[in-house]
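Below: one structure, written as structure tokens.
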Amino acid sequence: MDDGVTTAGDGVYGEVIDAAGRHARAWLSGVGERPIPPHATPDEIKDRLGRVLPDGGEPDLEVITRLAETVEPGLIAIGSPRFYGWVIGGTQPVALGADWLVSAWDQNAGLRTITPGAIAVEELAATWLLDLLGLPPESDVGFTTGATMAQFSCMAAARNEVLRRAGRDVEAEGLTGAPRVRYIAGEERHGTVDLAARYLGLGGPITVPADEQGRIRVEQLRAVLASGSGPAIVALQAGNIHSGAFDDFAAAIEVAHAAGAWVHVDGAFGLWAAASPRLRPLTVGFEHADSWSTDAHKTLNVPYDCGIAIVRDPAAMRRALGMHASYLQATDVGADPHENVPELSRRARGVPTWAVLRSLGRDGVARLVDGLADAARGIADGLGELAGVEVLNEVVFTQVCIALETDEATAALSERLWNEGEVLAMTSHWHGRTVVRFSVSNWRTDATEVRRTVAAVARALAASDPAEAPPAD
Ligand SMILES: *Cc1c(COP(=O)(O)O)cnc(C)c1O
Numbered sequence: 000m001d002d003g004v005t006t007a008g009d010g011v012y013g014e015v016i017d018a019a020g021r022h023a024r025a026w027l028s029g030v031g032e033r034p035i036p037p038h039a040t041p042d043e044i045k046d047r048l049g050r051v052l053p054d055g056g057e058p059d060l061e062v063i064t065r066l067a068e069t070v071e072p073g074l075i076a077i078g079s080p081r082f083y084g085w086v087i088g089g090t091q092p093v094a095l096g097a098d099w100l101v102s103a104w105d106q107n108a109g110l111r112t113i114t115p116g117a118i119a120v121e122e123l124a125a126t127w128l129l130d131l132l133g134l135p136p137e138s139d140v141g142f143t144t145g146a147t148m149a150q151f152s153c154m155a156a157a158r159n160e161v162l163r164r165a166g167r168d169v170e171a172e173g174l175t176g177a178p179r180v181r182y183i184a185g186e187e188r189h190g191t192v193d194l195a196a197r198y199l200g201l202g203g204p205i206t207v208p209a210d211e212q213g214r215i216r217v218e219q220l221r222a223v224l225a226s227g228s229g230p231a232i233v234a235l236q237a238g239n240i241h242s243g244a245f246d247d248f249a250a251a252i253e254v255a256h257a258a259g260a261w262v263h264v265d266g267a268f269g270l271w272a273a274a275s276p277r278l279r280p281l282t283v284g285f286e287h288a289d290s291w292s293t294d295a296h297k298t299l300n301v302p303y304d305c306g307i308a309i310v311r312d313p314a315a316m317r318r319a320l321g322m323h324a325s326y327l328q329a330t331d332v333g334a335d336p337h338e339n340v341p342e343l344s345r346r347a348r349g350v351p352t353w354a355v356l357r358s359l360g361r362d363g364v365a366r367l368v369d370g371l372a373d374a375a376r377g378i379a380d381g382l383g384e385l386a387g388v389e390v391l392n393e394v395v396f397t398q399v400c401i402a403l404e405t406d407e408a409t410a411a412l413s414e415r416l417w418n419e420g421e422v423l424a425m426t427s428h429w430h431g432r433t434v435v436r437f438s439v440s441n442w443r444t445d446a447t448e449v450r451r452t453v454a455a456v457a458r459a460l461a462a463s464d465p466a467e468a469p470p471a472d
């Protein structure tokens with residue numbers, strides 16, 4: 000097909016990117032069927048790559064071939080539709096293609112007047128995202144490396160704003176001698192929210208008990224807020240990594256706002272429920288929060304690295320993260336993108352997000368999110384029928400947590416799955432038990448893959464009990 004591209008004059012790049020493309024195609028064509036775990040250690044790979052920096056170097060083509068061929072045994076098939084190890088996500092073809100263009104263009108996507116093409120694409124993606132997720136259209140959006148840095152960006156705005164309301168100008172005066180900001184979160188928050196708080200000098204969380212699905216208990220949140228005073232940030236959660244549960248946003252946000260707190264929502268994978276008419280009820284009320292963080296590299300299935308920071312009050316975001324320098328050619332037209340993220344220079348990492356949204360459209364994003372939830376439901380139903388397997392969570396979204404009778408048996412199941420290589424699901428600890436967690440986050444996990452997954456678990460269970468080995472089929 001003629002795609003209108005002429006390649007005359009690509010001499011210095013052509014051979015190398017063609018070779019990289021061939022290796023990429025080989026990897027991608029096998030990623031769904033190869034054994035999922037890696038089968039080499041970093042030291043083995045280093046030995047094979049060669050540890051000594053050569054004096055004379057090596058031709059580019061040989062470097063690319065050496066890299067692709069040597070590293071391959073050390074790669075884990077995260078793109079497999081039966082990879083459930085963590086909430087991680089694969090890559091949609093259109094996102095990969097767009098990502099390659101981003102690398103080829105090599106735009107520094109921080110400045111509106113300097114790289115208008117990249118910024119136009121990212122700003123459209125941002126506007127579409129707010130629309131899809133039902134978040135306030137006046138919000139500012141920053142494309143970060145991941146949800147951890149998205150949380151950091153949002154909570155930087157939060158910290159400075161709650162202190163500004165308490166009479167402290169953090170940008171000018173810093174934190175020393177400022178009132179303590181109470182960072183309050185449910186006991187089943189994701190660990191990276193604490194990490195963001197720590198980077199920001201907020202210290203550890205004041206934790207609020209959670210219910211049996213891991214949702215923050217709103218009455219206890221009210222009590223915690225009332226038991227202290229001064230500036231506060233409350234972190235809520237859309238998508239618990241064990242149960243997939245969503246906090247009761249409407250109630251929790253009302254309580255937090257009544258106490259003057261800033262509310263942040265960690266929705267690294269769960270925020271996307273709002274893009275599905277069927278699943279949107281899980282997020283009811285979340286739009287009243289002050290900031291939200293999510294990942295495109297998880298549920299949306301773009302390549303690493305892409306997190307998204309969303310702050311309702313653009314001025315708060317820019318005061319916390321922006322900077323001014325005479326050489327930066329700032330404009331009055333709107334914020335420069337570097338004012339919404341921690342970095343000054345960065346790649347145009349929002350472009351693959353635009354490409355996926357353009358490719359799927361509103362309905363396609365809903366189908367993607369529904370498909371992940373359907374697969375989780377299918378896995379829970381299938382595994383729940385296997386003797387000895389207990390599904391521990393209410394499967395409302397993409398997470399399924401199972402356990403066998405003893406912790407040892409549960410851990411052994413995960414190990415057997417790893418050794419067989421067709422399904423990867425890791426152990427975790429939840430509510431005092433060892434669990435095996437299935438996080439569905441790959442766009443290719445369909446009903447067929449669900450059947451293969453259940454069959455693999457059945458095989459692994461039978462392997463521990465030779466008397467019950469199923470007949471080969
Ligand atoms: C993955 C995850 C994060 C951190 O995201 P990164 O992209 O790894 O930085 C935060 N919160 C939740 C709920 C997550 O699942």
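Counting with numbering that gives the first Met the number 0, you get residues 0 to 472 for the letters of the sequence shown.
The beta carbon of each residue, even a glycine, is placed where N, CA and C say it ideally should be.
Cα-Cα separation, residue i to residue j
{"i": "residue 27", "j": "residue 356", "result": "22 Å"}
{"i": "residue 468", "j": "residue 347", "result": "Unreliable positioning characterises residue 468 in this predicted model, as indicated by a pLDDT of 47, which lies under 50. The coordinate reading is nonetheless provided below. Taking the straight line joining both Cα atoms gives about 52 Å."}
{"i": "residue 103", "j": "residue 12", "result": "10 Å"}
{"i": "residue 199", "j": "residue 127", "result": "30 Å"}
{"i": "residue 266", "j": "residue 56", "result": "45 Å"}
{"i": "residue 280", "j": "residue 396", "result": "11 Å"}
{"i": "residue 17", "j": "residue 141", "result": "33 Å"}
{"i": "residue 243", "j": "residue 63", "result": "40 Å"}
{"i": "residue 65", "j": "residue 25", "result": "15 Å"}
{"i": "residue 422", "j": "residue 49", "result": "32 Å"}
{"i": "residue 225", "j": "residue 258", "result": "8 Å"}
{"i": "residue 372", "j": "residue 437", "result": "12 Å"}
{"i": "residue 472", "j": "residue 424", "result": "Any reading at residue 472 is ruled out, since the residue's pLDDT is 45, under 50, leaving its predicted position unreliable."}
{"i": "residue 378", "j": "residue 368", "result": "16 Å"}
{"i": "residue 15", "j": "residue 380", "result": "48 Å"}
{"i": "residue 148", "j": "residue 76", "result": "25 Å"}
{"i": "residue 365", "j": "residue 273", "result": "9 Å"}
{"i": "residue 163", "j": "residue 178", "result": "11 Å"}
{"i": "residue 172", "j": "residue 181", "result": "19 Å"}
{"i": "residue 153", "j": "residue 308", "result": "6 Å"}
{"i": "residue 413", "j": "residue 229", "result": "46 Å"}
{"i": "residue 51", "j": "residue 338", "result": "41 Å"}
{"i": "residue 391", "j": "residue 212", "result": "9 Å"}
Contacts around residue i, its chain only, beta-carbon distance under 6 Å, and the 5 residues preceding and following it disregarded
{"i": "residue 388", "result": "382, 401"}
{"i": "residue 311", "result": "135, 138, 289"}
{"i": "residue 358", "result": "93"}
{"i": "residue 376", "result": "394"}
{"i": "residue 22", "result": "67"}
{"i": "residue 106", "result": "114, 117, 347"}
{"i": "residue 169", "result": "159, 162"}
Start and end residues, beta strand (DSSP E) containing residue i
{"i": "residue 429", "result": "425 to 429"}
{"i": "residue 353", "result": "No beta strand (DSSP E) holds residue 353; the alpha helix (DSSP H) holding it covers 350 to 383."}
{"i": "residue 181", "result": "181 to 185"}
{"i": "residue 142", "result": "139 to 143"}
{"i": "residue 231", "result": "231 to 236"}
{"i": "residue 309", "result": "306 to 310"}
{"i": "residue 175", "result": "Note, residue 175: premise wrong, no beta strand (DSSP E); not H, not E."}
{"i": "residue 437", "result": "432 to 438"}
Range covered by the alpha helix (DSSP H) that runs through residue i
{"i": "residue 123", "result": "115 to 132"}
{"i": "residue 153", "result": "146 to 164"}
{"i": "residue 11", "result": "10 to 29"}
{"i": "residue 412", "result": "406 to 419"}
{"i": "residue 65", "result": "59 to 70"}
{"i": "residue 219", "result": "217 to 225"}
{"i": "residue 101", "result": "92 to 104"}
Same chain, Cβ closer than 7 Å to residue i, neighbours up to 5 away in sequence not counted
{"i": "residue 361", "result": "131"}
{"i": "residue 268", "result": "86, 238, 294, 297, 298, 397, 440"}
{"i": "residue 454", "result": "none"}
{"i": "residue 157", "result": "232, 261, 263, 289, 290"}
{"i": "residue 247", "result": "214, 217"}
{"i": "residue 284", "result": "248, 249, 252"}
{"i": "residue 525", "result": "Because the chain spans 0 through 472 in this model, residue 525 falls outside it and cannot be assessed."}
{"i": "residue 459", "result": "412, 415, 416, 419"}
Candidates the options, of which the one nearest residue i by Cα
{"i": "residue 97", "options": "407, 165, 354", "result": "354"}
{"i": "residue 205", "options": "177, 235, 212", "result": "235"}
{"i": "residue 405", "options": "434, 211, 380, 424", "result": "434"}
{"i": "residue 33", "options": "201, 457, 71", "result": "71"}
{"i": "residue 193", "options": "223, 221, 229, 155", "result": "155"}
{"i": "residue 241", "options": "430, 10, 46", "result": "430"}
Cβ shell of residue i (< 8 Å), same chain only, five flanking positions each side left out
{"i": "residue 409", "result": "401, 402, 403, 426, 432, 433, 434, 435"}
Beta carbon proximity, residue i to chain B, threshold 8 Å
{"i": "residue 391", "result": "Looking for chain B here will not work: only one protein chain is present."}
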